[in-house]
């Protein structure tokens, strides 16, 4: 029940296209859903996050869509650029959980010219 | 200062060595974390410190020993490691351990045990 399932494992998108990464969770106690971006040799960096009382959050080219009833959330990267090529992790945490993050398995995104 | 600084960036150690990893943040964050990350895998939580006290130990072997000397510093002492402990060790901080605070990660220490 602690798992966060992420798909796809890898993704190739053309420059200017839309990249979509999906995550699903089981534990309804999760109440905070961040996305992290990680470049090779670097630590993950917080990209955008959402709480379940909101169905969508947009920051620049990055949008999280959240479906509470389906227990799913997704990251959309609009106008994908080669510089977006990285590994993306979804995650979830819950109140009273020590702010412990449960990570998805990761998606390796490559944006081609 | 919005960074988490980890030193060293790379470390090679023998199985009988003792070494320490260091982590520093000056954002006033009261929660600090150690994560371990294997290649092509998500980070795995090792320890959580809240207000300088150990609050979560994810059943980590005793050859890993965390220490939080003050609110800005976090150490991970290593002793008698195994080759399978080779990984990227990430330190992170957040405002609090109450749920819903994003982490700031450091760039990690790439550890190789020979």
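Chains as they are written, first to last, in the numbering used here: chain A, 409 to 521; chain B, 601 to 714.
Note that the Cβ used here is the ideal one computed from N, Cα and C, for glycine as well.
Quiz prompt | Nearest residue (CA-CA) to residue 554/B, options 618/B, 623/B, 603/B and 602/B | solution = The structure shown has nothing for residue 554/B, since chain B only spans 601 to 714.
Quiz prompt | Selection from 632/B, 714/B and 613/B that minimises the alpha carbon distance to residue 704/B | solution = Sequence index remark: in the second chain, residue 704/B carries index 104 (1-based). Ranking 632/B, 714/B and 613/B by Cα distance to residue 704/B puts 632/B first.
Quiz item: Using a beta-carbon distance cut-off of less than 7 Å, what residues from the stretch 486 to 503 of chain A approach chain B?
Solution: Hits within the stretch, in order: 497, 501, 502 and 503.
Quiz item: In chain order, what residues of the stretch 446 to 460 of chain A put their CB closer than 8 Å to some CB of chain B?
Solution: 449, 450, 451, 452, 453, 454, 457 and 459
Self-check item: Min CB distance residue 727/B to chain A below 7 Å
Solution: A query on residue 727/B cannot be resolved here, the shown segment of chain B reaching from 601 to 714 and no further.
Practice problem: Quick one: give me the first and last residue of the beta strand (DSSP E) that residue 501/A is part of. | Solution: Position 93 of the first chain, counted from the start, is the residue given in the question as residue 501/A. Note, residue 501/A: beta strand (DSSP E), 494 to 502.
Practice problem: Using three-state DSSP, classify residue 644/B as helix, strand or coil. | Solution: Taking the second chain and counting its residues from 1, the one referred to as residue 644/B is at position 44. Three-state result, residue 644/B: strand.
Practice problem: Indicate whether residue 508/A and residue 439/A have their beta-carbon atoms separated by less than 7 Å. | Solution: Here residue 508/A is taken as the residue at index 100 of the first chain, counted from 1. Here residue 439/A is taken as the residue at index 31 of the first chain, counted from 1. Taking 7 Å as the Cβ cut-off, residue 508/A and residue 439/A do not qualify as a contacting pair.
Quiz prompt | Buried or exposed (CB count within 10 angstroms, at least 16 for buried), residue 709/B | solution = The sequence position of residue 709/B within the second chain is 109, counting from 1. Its Cβ being crowded by 16 or more others within 10 Å, residue 709/B is buried.
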